[in-house]
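Chemist:
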Amino acid sequence: MITLPPDYQPSESEEFMNPLQVEYFRQKLLKWRADLLKEADETLASLSEGGIHEADITDRASVETDRALELRTRDRARKLISKINQALLRIENGSYGYCEETGEPIGLKRLEARPIATLSIEAQERHERMEKIHRDD
1 MITLPPDYQP SESEEFMNPL QVEYFRQKLL KWRADLLKEA DETLASLSEG GIHEADITDR
61 ASVETDRALE LRTRDRARKL ISKINQALLR IENGSYGYCE ETGEPIGLKR LEARPIATLS
121 IEAQERHERM EKIHRDD
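Residue numbers (the UniProt record's numbering): 1 to 137.
1. Gln86 to Leu44, Cα distance in whole Å?
2. If you drop the 5 nearest sequence neighbours on each side, which residues of the same chain put their C-beta closer than 6 Å to that of Pro19?
3. Between Ser95 and Arg129, what straight-line distance do the alpha-carbon atoms span, to the nearest angstrom?
4. Using only CA atoms, which one of Glu42, Ile91 and Ile84 lies nearest to Arg67?
5. Per DSSP, what are the beta-bridge partners of Pro19 in this structure?
6. Using a Cβ-Cβ cut-off of 6 Å (strictly less than) and excluding sequence neighbours within five positions of Glu92, which residues of its own chain qualify?
7. Does DSSP classify Tyr98 as helix, strand or coil?
8. Which residues mark the beginning and the end of the alpha helix (DSSP H) in which Ile57 is found?
9. By Cβ distance, which residues of its chain are closer than 6 Å to Glu23, with the 5 residues on each side in sequence left out?
10. How should Ala117 be labelled, buried or exposed, when 16 other C-beta atoms within 10 angstroms of its C-beta is the threshold for buried?
11. Going by the beta-carbon positions, is the gap between Pro10 and Leu111 smaller than 9 Å?
12. Bridge partners of Pro5, per DSSP?
13. Can you give me the Cβ contacts of Gly107 inside the same chain, cut-off strictly under 8 Å, excluding the 5 residues immediately before and after it?
14. Is the beta carbon of Lys28 less than 9 Å from the beta carbon of Pro105?
So this is what it looks like as structure tokens:
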């Protein structure tokens, strides 16, 4: 088990995906997942408080719209939790931080911004261009 210094930030001057960096991203992913699960529990609690008690039809419609938006947000969070779990598996098998297409390092800045990234910026751009080409067909 590796203990991170409290102020640790990965840097380009270190070896890429050294044990400190791996632990840093593992903890970041675990915290993100815990936050999402906590929000999901709060949503479930608020939705299970009962039906809509608004007498006014406009108020009722507003409450229903809010609930629908909350459920869509929770669905996105569920998908994100799945991607976080996949990233944690990549940490376990040693492939985290490396592009699925090229095997090259994804880069610290990209991982910091999107810790669930599986493609380098270049590979992601190629992927998006190909999607756009096929979508336009």
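Ideal placement from N, C-alpha and C gives every residue a C-beta, glycine not left out.
Modeler: By the coordinates alone:
1. 24 Å
2. Ile2
3. Taking the straight line from one Cα to the other gives about 25 Å.
4. Glu42
5. The partner list for Pro19 (beta bridge, DSSP) is empty, contrary to what the question assumes.
6. none
7. strand
8. Annotation for Ile57: the continuous alpha helix (DSSP H) segment containing it runs Ile57 to Asn93.
9. Ile2 and Leu4
10. Looking at its Cβ environment, which holds 16 or more other Cβ atoms inside 10 Å, Ala117 is buried.
11. yes
12. Partner(s): none; Pro5 has no beta bridge.
13. Ser120 and Ile121
14. no
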